[in-house]
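K.L.:
All residue numbers for the sequence shown refer to this note's numbering, where the first residue is 12 and numbers rise by one. This structure is in structure tokens; I'll ask about it shortly.
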Amino acid sequence: MSTETMTRPVNLILLGPPGAGKGTQARMLEEKFGLVQLSTGDLLREAVAAGTEAGKAAKAVMEKGELVSDEIVIAILSDRLDQPDVTKGTILDGFPRTEAQAAALDTLLADRGQKIDAAISLEVDDEAMVARVSGRYTCAACGEGYHDEFKQPATAGTCDKCQGTEFKRRADDNAETVRTRLSAYHAQTAPLISYYAARDALTRVPAMGDINEIAADLGKIVGGVTEG
Ligand code: AP5
Ligand code: MG
Numbered sequence: 012m013s014t015e016t017m018t019r020p021v022n023l024i025l026l027g028p029p030g031a032g033k034g035t036q037a038r039m040l041e042e043k044f045g046l047v048q049l050s051t052g053d054l055l056r057e058a059v060a061a062g063t064e065a066g067k068a069a070k071a072v073m074e075k076g077e078l079v080s081d082e083i084v085i086a087i088l089s090d091r092l093d094q095p096d097v098t099k100g101t102i103l104d105g106f107p108r109t110e111a112q113a114a115a116l117d118t119l120l121a122d123r124g125q126k127i128d129a130a131i132s133l134e135v136d137d138e139a140m141v142a143r144v145s146g147r148y149t150c151a152a153c154g155e156g157y158h159d160e161f162k163q164p165a166t167a168g169t170c171d172k173c174q175g176t177e178f179k180r181r182a183d184d185n186a187e188t189v190r191t192r193l194s195a196y197h198a199q200t201a202p203l204i205s206y207y208a209a210r211d212a213l214t215r216v217p218a219m220g221d222i223n224e225i226a227a228d229l230g231k232i233v234g235g236v237t238e239g
């Protein structure tokens with residue numbers, strides 16, 4: 012797929028509960044627009060795997076399905092924003108998740124001469140999210156996401172993107188933890204929908220349909236932002 016030309020870096024936020032398709036769509040937008048996906052969930056899982064201090068503090072919280080402290084997550088994101096590849100622009104997947112994180116994000120971007128261009132809310136039904144998350148697995152080599160029922164590799168057991176043959180499932184992808192994650196989303200993150208609407212930066216996208224149709228809708232929105 013070709014990368015569309017952009018005149019300046021843009022920063023987009025994908026908002027949505029667990030299973031809404033933030034990661035799936037962020038990877039497709041990354042490929043189409045040359046933006047960089049910044050998933051705080053992925054960064055935290057890397058910190059857990061590496062056994063850093065932040066990872067040790069985050070591990071049990073993530074396994075319960077609760078939110079990791081603002082302090083840890085903001086520090087991890089700030090470090091990531093200092094890496095050179097993000098000058099192309101970013102798709103923030105799973106950050107911010109609290110109003111404190113949203114305020115910190117404004118400061119982090121302003122310090123780098125940038126701002127949020129759009130916050131996109133993926134609108135889904137909670138009940139369907141349990142099935143989406145419980146059936147999810149990813150390629151162990153490249154991280155491409157799949158689903159037992161909704162998104163299988165073209166050749167069973169082989170990743171479409173990198174031909175890897177090892178796959179993994181997340182420790183927090185069980186029905187009980189997903190319900191805690193959904194509650195955390197509604198209590199702490201859903202208020203950000205009003206936060207960005209009040210700034211005239213919010214777009215709502217129905218996200219219960221086909222993955223490629225949702226990607227086409229998002230592509231039009233992001234295309235409009237990058238040309239704007
Ligand atoms: P994180 O990794 O961000 O998880 P999450 O928000 O719970 O979201 P998911 O990754 O589960 O869902 P997704 O929207 O990416 O869906 P996906 O595209 O994979 O966070 C994990 C934990 O880290 C948190 O609980 C918290 O503890 C901590 N954390 C992270 N960020 C934090 C922060 N900022 N502050 C504090 N704590 C933080 O899709 C799911 C499945 O559905 C896939 O199998 C996919 O193939 C399938 N699928 C996708 N779209 C469709 C579709 N349209 N139709 C059918 N199936 C679909
Ligand atoms: Mg994700």
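Beta carbons are placed, not taken as given, at the ideal position from N, Cα and C, and that holds for glycine. All values derive from a computational prediction rather than experimental measurement.
Does at least one heavy atom of ligand 2 sit under 7 Å from the Cβ of S132?
P.N.:
Indexing the sequence shown from 1 puts residue 132 at position 121. Flag unset: Cβ of S132 not near ligand 2.
K.L.:
Note the first and the last residue of the continuous beta strand (DSSP E) segment covering E134.
P.N.:
In the sequence shown, residue 134 corresponds to position 123, counting from 1. Taken as a continuous stretch (DSSP letters only), the beta strand (DSSP E) holding E134 covers 129–134.
K.L.:
Going straight from the alpha carbon of T149 to that of T200, what length do you get?
P.N.:
In the sequence shown, residue 149 corresponds to position 138, counting from 1. In the sequence shown, residue 200 corresponds to position 189, counting from 1. One C-alpha to the other measures close to 25 Å.
K.L.:
The alpha helix (DSSP H) spanning S194 covers which residue range?
P.N.:
In the sequence shown, counting from the first residue as 1, residue 194 sits at position 183. Where S194 is concerned, the enclosing alpha helix (DSSP H) stretches over 186–195.
K.L.:
Would A130 and Y207 be called neighbours here (beta carbons separated by less than 8 Å)?
P.N.:
Counting from one through the sequence shown, the residue named residue 130 turns up at place 119. Counting from one through the sequence shown, the residue named residue 207 turns up at place 196. Going by C-beta atoms, A130 is nearer than 8 Å to Y207.
K.L.:
Across the region 89–107 and the region 181–188, are there enough close Cβ pairs to call them in contact, namely three or more that are closer than 8 Å?
P.N.:
As far as the Cβ criterion goes, the region 89–107 does not touch the region 181–188, which means the pair count is below three.
K.L.:
Does the distance from the C-beta atom of L133 to that of G27 stay below 8 Å?
P.N.:
Within the sequence shown, the letter at position 122 stands for residue 133. Within the sequence shown, the letter at position 16 stands for residue 27. Result yes, Cβ atoms of L133 and G27 sit closer than 8 Å.
K.L.:
Taking D104 as part of the beta strand (DSSP E), name the residues at either end of that continuous run.
P.N.:
The residue you call residue 104 lines up with position 93 of the sequence shown. Element bounds for D104: 100–104.
K.L.:
Count the other C-beta atoms from every protein chain shown that fall within 10 angstroms of the C-beta of K33, then say buried if there are 16 or more, exposed otherwise.
P.N.:
Here residue 33 corresponds to residue number 22 of the sequence shown, with the count starting at 1. Buried: at least 16 other Cβ atoms inside 10 Å.
K.L.:
For S145, name the three-state secondary structure that DSSP assigns.
P.N.:
Within the sequence shown, residue 145 is the residue found at index 134, counting from 1. Reduced to three states, the DSSP call for S145 is helix.
K.L.:
Is the distance from the Cβ of F178 to the Cβ of A142 below 8 Å?
P.N.:
Your numbering for residue 178 matches position 167 in the sequence shown. Your numbering for residue 142 matches position 131 in the sequence shown. Taking 8 Å as the Cβ cut-off, F178 and A142 do not qualify as a contacting pair.
K.L.:
In whole angstroms, give me the CA-to-CA distance for Y196 and L78.
P.N.:
Here the question's residue 196 lines up with position 185 in the sequence shown. Here the question's residue 78 lines up with position 67 in the sequence shown. Roughly 9 Å separates the two Cα atoms.
K.L.:
Among T166, D90, R192, I127, which residue has its Cα nearest to the Cα of V144?
P.N.:
In the sequence shown, the residue the question calls residue 144 occupies position 133. It is R192.
K.L.:
Tell me the DSSP bridge mates of I24?
P.N.:
In the sequence shown, counting from the first residue as 1, residue 24 sits at position 13. Partner(s): L103, A130.
K.L.:
Using the DSSP secondary-structure output, state which residues sit across from Q48 in a beta bridge.
P.N.:
One-based indexing of the sequence shown puts residue 48 at position 37. For Q48, which the question treats as bridged, DSSP gives the partners I102.
K.L.:
Would you call the region 44–60 and the region 88–99 in contact, with 3 or more CB pairs under 8 Å?
P.N.:
Counting Cβ pairs under 8 Å, three or more are found: they touch.
K.L.:
Where does K172 fall in DSSP's three states?
P.N.:
Counting from 1 along the sequence shown, the entry for residue 172 is found at position 161. Looking at K172 - three-state DSSP - the assignment turns out to be coil, as it is neither helix nor strand.
K.L.:
Check the C-beta distance from M250 over to A226 and give it rounded, since I have them as a contact under 8 Å.
P.N.:
A query on residue 250 cannot be resolved here, the shown segment of the chain reaching from 12 to 239 and no further.
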